[in-house]
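So our numbering is basically just the index in the sequence shown, starting at one, shifted up by 7. Backbone N, C-alpha and C fix where the C-beta goes; we use that ideal spot for every residue, glycine too. Since this is a predicted model, take the numbers as computed values, not measurements. Report on one structure; see the data block that follows.
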Amino acid sequence: MAAGAGSGAQFVDRVVLHVAAGKGGNGCASIHREKFKPLGGPDGANGGRGGDVVLVVDSNAASLLEYHRRPHRKAGNGRPGQGSHRTGADGDDVVLPVPDGTVVKAGEEVLADLVGEGTRFVIARGGNGGLGNAALASAKRKAPGFALLGEPGEEADVVLELKSVADVALVGFPSAGKSSLIAALSAAKPKIADYPFTTLIPNLGVVSAGDTTFTVADVPGLIEGASEGRGLGLDFLRHIERSSTLAHVLDCATMEPGRDPVSDFEVIERELQAYDRVLGDRPLSDRPRVVVLNKVDVPDGRDLAEMVRPEFEERGLKVFEVSAATHEGLRELSFAMAAMVGEYRASLPPAEPTRIVIRPEPVGGDTDFEVRDLGGNTYLITGAKPVRWLRQTDFANEEAVGYLADRLARLGVEDALAKAGAAAGATVLIGTIDDSIVFDWEPEIPAGEAAPGPRGTDRRLGGRRETPEERR
8 MAAGAGSGAQ FVDRVVLHVA AGKGGNGCAS IHREKFKPLG GPDGANGGRG GDVVLVVDSN
68 AASLLEYHRR PHRKAGNGRP GQGSHRTGAD GDDVVLPVPD GTVVKAGEEV LADLVGEGTR
128 FVIARGGNGG LGNAALASAK RKAPGFALLG EPGEEADVVL ELKSVADVAL VGFPSAGKSS
188 LIAALSAAKP KIADYPFTTL IPNLGVVSAG DTTFTVADVP GLIEGASEGR GLGLDFLRHI
248 ERSSTLAHVL DCATMEPGRD PVSDFEVIER ELQAYDRVLG DRPLSDRPRV VVLNKVDVPD
308 GRDLAEMVRP EFEERGLKVF EVSAATHEGL RELSFAMAAM VGEYRASLPP AEPTRIVIRP
368 EPVGGDTDFE VRDLGGNTYL ITGAKPVRWL RQTDFANEEA VGYLADRLAR LGVEDALAKA
428 GAAAGATVLI GTIDDSIVFD WEPEIPAGEA APGPRGTDRR LGGRRETPEE RR
């Protein structure tokens with residue numbers, strides 16, 4: 008959501024970000040050539056790894072506007088390997104600074120909740136670089152005439168949502184004086200005017216009371232039906248989810264018919280309950296709150312505040328009569344907020360050092376592949392390993408194709424096809440039905456053992472290397 012477009016500055020607290028990590032560089036197929044060394048051997052190096060796309064919490068980032076304007080981000084590709092064992096360079100990472108309190112979602116699933124300066128989250132990992140022929144050499148294949156291709160990087164469409172990180176949230180109707188109050192309590196300088204919806208962005212202020220320092224968020228005005236999408240409330244209700252304390256700012260000098268501090272309080276309470284969220288083990292509706300009767304500098308406002316104060320106190324609420332204009336009652340209010348924030352902080356478990364937990368995903372899981380009979384002597388092979396190996400194979404090189412066949416045979420694909428009832432000439436798809444590579448299965452062709460011919464060919468595939476005259 009973007010706000011404040013007419014003022015020349017925009018605040019965006021929800022964007023859809025399209026990211027793509029870098030592709031890994033291809034491996035190199037090279038043979039060492041040097042005078043008086045006729046058997047130099049393979050010296051093709053591996054390709055570089057593709058760059059990642061990383062989100063990093065940065066205190067200098069105030070909104071998600073940059074990603075609203077440029078929603079597509081791509082990391083750098085890895086460089087291909089070279090001869091003489093020169094490994095390709097890794098692709099450049101793309102580091103995206105986000106404000107403190109950014110939530111990363113894929114659909115409705117929360118992938119990460121980024122709180123704290125420097126917190127990092129990788130949303131798209133770069134592809135691995137392909138192996139060069141020096142890494143593929145073995146006792147049976149001393150000088151491979153091929154190398155593996157680099158793997159593609161991950162792609163993702165994620166939603167970034169900003170939730171302000173504040174200890175106290177000021178909630179209330181438009182023009183209740185929240186912006187004036189936060190300006191009087193702190194050094195914040197929000198836009199202030201005497202018309203509804205002046206505040207189009209959540210303002211944050213830092214307040215010190217005694218030995219306690221805490222942050223206060225001025226949440227844009229709520230109205231009845233905000234939790235259902237009316238007004239600006241629905242877009243900004245998320246900004247109070249992290250606050251431990253709520254302060255109802257009630258206008259005691261409103262001239263609108265049908266409005267008074269008690270009815271305003273009840274309307275806002277209904278909206279908070281309708282948009283209930285949980286902070287730890289406390290739902291939004293159960294968090295401690297104070298009642299701030301604002302604008303008592305107006306004679307009618309002071310009289311109204313004195314009339315409604317007993318009703319709020321009967322409900323067990325702390326009530327403060329204040330004036331943002333004259334600063335009356337602000338000291339008492341700030342110390343009461345500080346006490347409530349301090350009580351909440353004391354209830355939290357002791358902070359522990361941040362631990363980086365690495366959870367690598369197993370390649371293939373419990374089963375490396377699965378064979379499905381599609382009928383008509385057609386079979387589909389799915390699994391992380393076969394698909395990954397396909398992406399690494401250069402199908403223009405017969406020896407590379409033969410190497411793929413050997414890998415699949417060692418994995419057990421040949422035996423699985425036979426058990427599934429595949430006959431000679433069966434059509435075998437590897438991947439998915441919509442995105443796959445098709446092979447003809449010939450069980451009489453031996454697989455599982457290297458059978459290369461001249462470099463770049465494989466005798467089992469009937470290939471023949473061209474002579475220099477034919478190439479010319």
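- Setting aside the 5 residues that flank it on each side, Leu279 is surrounded in the same chain by Leu291 and Ser292, each with a C-beta closer than 7 Å to its C-beta; the list follows chain order.
- If you look at Asn210, you'll find it isn't in any alpha helix (DSSP H); it sits in the beta strand (DSSP E) that goes Asn210 to Ala216.
- Classified as buried, Ala312 has 16 or more neighbouring CB atoms from the shown chains inside 10 Å of its CB.
- Within the same chain, Cβ atoms closer than 8 Å to the Cβ of Leu71 are found at Val19, Asp20, Arg21, Val22, Val105, Pro106, Thr109, Leu167 and Leu169, the five residues on either side in sequence being excluded.
- Nearest C-alpha to Leu381 among Ala431, Val435 and Asp310: Val435.
- Classified as exposed, Ile440 has fewer than 16 neighbouring CB atoms from the shown chains inside 10 Å of its CB.
- Sequence-distant Cβ neighbours of Phe376 in its own chain, meaning closer than 6 Å and more than five residues away, are Ile388, Gly390 and Pro393.
- About 7 Å separates the Cβ atoms of Pro159 and Arg398, confirming a contact at the 8 Å cut-off.
- A distance below 7 Å between beta-carbons, with the five flanking residues on each side excluded, links Ala141 to the following residues of its chain, in chain order: Pro49, Asp50, Gly51, Ala52 and His92.
- Around the C-beta of Asn67, fewer than 16 other C-beta atoms lie within 10 Å, and the residue is accordingly described as exposed.
- By the C-beta density criterion, Lys185 is buried, having at least 16 other C-beta atoms within 10 angstroms.
- Taking the CA atoms as reference points, Lys30 sits about 8 Å from Gly58.
- Under the three-state reduction of DSSP, Phe319 is assigned to helix.
- In this structure, DSSP gives Phe327 an extended state, which the three-state scheme calls strand.
- By the Cβ rule, the segment 247 to 255 counts as touching the segment 169 to 181, because three or more pairs are nearer than 8 Å.
- Phe272: member of the alpha helix (DSSP H) spanning Pro268 to Ala281, first to last residue.
- DSSP, read as helix, strand or coil, puts Val408 in helix.
- The continuous beta strand (DSSP E) containing Leu177 extends over residues Val175 to Val178.
- The Cβ atoms of Ala154 and Gly88 sit closer than 9 Å to each other.
- Secondary structure of His25 (DSSP, three-state): strand.
- Here the alpha carbon of Leu118 sits roughly 12 Å from the alpha carbon of Arg127.
- In the three-state reduction of the DSSP assignment, Pro393 falls in the helix class.
- Distance from the Cα of Val26 is smallest, within the candidate group Val101, Arg294, Ala431 and Val298, for Val101.
- Given a length threshold of 4 residues, each whole run of the alpha helix (DSSP H) inside the segment 107 to 163 is given here in chain order: 140 to 143.
- Taking the C-beta atoms as reference points, Gly157 is found no nearer than 9 Å to Gly90.
- Beta-carbon to beta-carbon, Ala173 and Thr222 are separated by about 4 Å, close enough to satisfy the 8 Å threshold.
- In the DSSP assignment, the residues bridged to Gly438 are Ser443.
- Going by DSSP, Val299 is part of no alpha helix (DSSP H) but of the beta strand (DSSP E) stretching over Arg296 to Asn301.
- Per the coordinates, the alpha-carbon of Thr261 lies some 12 Å from the alpha-carbon of Leu300.
- With a beta-carbon spacing of about 17 Å, Ser187 and Val213 fall beyond the 8 Å limit used to define contacts.
- Residue state for Leu340 is assigned as helix, using DSSP reduced to three classes.
- Residue state for Leu71 is assigned as coil, using DSSP reduced to three classes.
- Asp164 has its alpha-carbon roughly 22 Å from the corresponding atom of Gly438.
- Judged by DSSP in its simplified three-state form, Asp304 adopts coil rather than helix or strand.
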